[in-house]
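Asks: Please see the structure below; I have some questions.
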Amino acid sequence: MLKNSRLLPAWFILILSVTIVSCSETGDPNSNPDPVLPETLYVNLIGTLPHDTSAYTQGFEVHDGILWESTGHYGFSTLRKLNLSDGSIIQTYPLPDTLFGEGITILNNKVYQLTWTSGFVLEWNVLNPVLHVSDTIDTEGWGICSVSSSTVVTSNGSATLSFRDVNSFDTLWTINVNIDGSPIHLLNELEYAEGSIYANRYYSDYIYRIDPETGNVTALIDASSLLSGSNRINAGVLNGIAWDPQREAFLLTGKNWPSIFIVTF
Ligand SMILES: [Ca+2]
Numbered sequence: 296m297l298k299n300s301r302l303l304p305a306w307f308i309l310i311l312s313v314t315i316v317s318c319s320e321t322g323d324p325n326s327n328p329d330p331v332l333p334e335t336l337y338v339n340l341i342g343t344l345p346h347d348t349s350a351y352t353q354g355f356e357v358h359d360g361i362l363w364e365s366t367g368h369y370g371f372s373t374l375r376k377l378n379l380s381d382g383s384i385i386q387t388y389p390l391p392d393t394l395f396g397e398g399i400t401i402l403n404n405k406v407y408q409l410t411w412t413s414g415f416v417l418e419w420n421v422l423n424p425v426l427h428v429s430d431t432i433d434t435e436g437w438g439i440c441s442v443s444s445s446t447v448v449t450s451n452g453s454a455t456l457s458f459r460d461v462n463s464f465d466t467l468w469t470i471n472v473n474i475d476g477s478p479i480h481l482l483n484e485l486e487y488a489e490g491s492i493y494a495n496r497y498y499s500d501y502i503y504r505i506d507p508e509t510g511n512v513t514a515l516i517d518a519s520s521l522l523s524g525s526n527r528i529n530a531g532v533l534n535g536i537a538w539d540p541q542r543e544a545f546l547l548t549g550k551n552w553p554s555i556f557i558v559t560f
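Quick note on the working numbering: the sequence shown kicks off at 296 and runs consecutively.
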């Protein structure tokens with residue numbers, strides 16, 4: 296039939312050509328010959344610090360030798376300063392009963408603390424922490440980290456991370472976190488270290504290492520070995536990641552966990 300293609304109407308040949316080109320460009324997703332799959336890493340335990348089991352951990356970050364923690368639940372939400380050497384609580388700053396504390400990050404000597412459904416972004420000066428509302432966001436606040444002196448990244452329980460101007464909290468751009476194109480939902484507490492974003496995923500013992508340019512997951516970190524069976528009984532999910540530049544290690548904890556684990560991957 297194609298031998299006689301000069302006899303076919305021009306519109307038919309055009310449609311046939313477009314169909315062949317679009318099929319070859321799209322391909323069959325199930326036969327992707329070169330899937331981009333992340334490597335699996337495991338935690339290497341260096342040490343442990345005690346952790347307050349009443350702390351429903353929502354955010355964790357090291358700044359200038361202090362470990363900062365945010366805790367959640369209405370009526371129990373706090374911002375805390377912890378001693379980086381021994382894990383002891385230096386100071387606790389309670390939130391109003393109407394706010395549910397979420398992720399924190401520290402930028403330009405200010406702690407920015409998200410709240411779950413209120414939309415309020417709280418701001419505390421690190422030298423004299425007094426609560427005031429800095430901005431609002433138009434989505435749920437879950438995790439937050441800083442990727443530059445002017446840009447923070449927030450999660451809201453979906454697979455999308457929002458890059459925001461720290462002065463307005465307006466969204467500059469977003470990335471969709473994925474493994475070989477499949478979205479990774481329920482992203483929660485965040486940390487930025489060594490050029491990558493690290494994320495807890497709600498209900499998971501894995502930490503996801505994410506390329507901030509593409510959203511591709513570049514490594515799965517299996518942290519399931521951290522809590523022994525007896526320690527798991529009253530403990531919630533993994534939800535604290537803080538990079539400690541002095542130790543060159545991560546501090547990991549979770550909601551109501553009895554310990555903070557000092558680890559490398
Ligand atoms: Ca963090």
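Backbone N, C-alpha and C fix where the C-beta goes; we use that ideal spot for every residue, glycine too.
Note that the coordinates shown come from a computational prediction; the quantities given were computed from them, not determined experimentally.
1. Over what stretch of residues does the alpha helix (DSSP H) that includes Arg527 continue unbroken?
2. Looking at Ser429: is its Cβ nearer than 8 Å to the Cβ of Leu402?
3. Between the Cα of Ala494 and the Cα atoms of Thr509, Asn526, Arg527, Asn534, which residue gives the shortest distance?
4. Give me the residue from Gly382, Leu362, Gly398, Ala518 with the minimum Cα distance to Pro345.
5. What number of angstroms, rounded off, separates the C-alpha of Gly360 from the C-alpha of Leu379?
6. Thinking C-alpha only, which one of Tyr503, Gly510, Ser554, Glu543 is nearest Ser525?
7. Quick one, are the C-beta atoms of Leu482 and Gly438 less than 8 Å apart?
8. Could you please give me the residues that DSSP links to Leu456 through a beta bridge?
9. Looking at the unbroken beta strand (DSSP E) that takes in Gln408, where does it start and where does it end?
10. Roughly how many whole angstroms lie between the Cα atoms of Ile516 and Tyr501?
11. Based on the DSSP output, what are the partners of Gln386 in its beta bridges?
12. Is it buried or exposed, Gln408, if we count other Cβ atoms within 10 angstroms and call 16 or more buried?
13. Exposed or buried, Ser365, counting other C-beta atoms within 10 Å across all chains shown (16 or more means buried)?
14. So is Val558 buried or exposed if we call it buried at 16+ other beta carbons inside 10 Å?
15. Label Pro324 either buried or exposed according to how many other C-beta atoms from any shown protein chain fall within 10 Å of its C-beta, with 16 as the threshold for buried.
16. Grouping DSSP H, G and I as helix and E and B as strand, with all else coil, what is Trp552?
17. Helix, strand or coil: which one does DSSP assign to Asp323?
18. Cutting at 6 Å between CB atoms, please list the residues of its own chain near Ser317, excluding the five before and the five after it.
19. By Cβ distance below 6 Å, which residues in the same chain neighbour Ala514 in space, the five residues on each side in sequence not counted?
20. Suppose the cutoff is 6 Å on Cβ atoms and the five residues either side in sequence are ignored; what does the same chain contact list for Ser319 look like?
21. Taking 8 Å as the threshold (C-beta atoms), are Leu546 and Ala518 in contact?
22. So what's Thr431 in DSSP terms, helix, strand or just coil?
Replies: Walking through what the data contain:
1. That run of the alpha helix (DSSP H) goes 524–527.
2. no
3. Asn534
4. Here the closest residue by C-alpha is Gly382.
5. 6 Å
6. Ser554
7. yes
8. Ile470
9. 405–410
10. 5 Å
11. Lys376
12. buried
13. buried
14. If you draw a 10 Å sphere on the C-beta of Val558, you find 16 or more other C-beta atoms in it, and that means buried.
15. Residue confidence for Pro324 is low, a pLDDT of 47 falling below 50, so the modelled location carries little weight and cannot support an answer.
16. coil
17. Because Asp323 carries a pLDDT of 47, less than 50, the predicted location of this residue cannot be relied on, and the following value inherits that uncertainty. Of the three classes helix, strand and coil, the one that applies to Asp323 here is coil, per DSSP.
18. Only weak support exists for where Ser317 lies, its pLDDT of 38 falling under 50; the value from the coordinates is given anyway. Correct list: empty, nothing qualifies.
19. Pro333, Glu334, Leu336, Arg504
20. Residue placement at Ser319 is poorly supported in this model, since its pLDDT is 37, which falls under 50; the coordinates still yield a value, given next. Once the five neighbours on either side are set aside, Ser319 has no close Cβ partner at all.
21. no
22. Strand, per DSSP.
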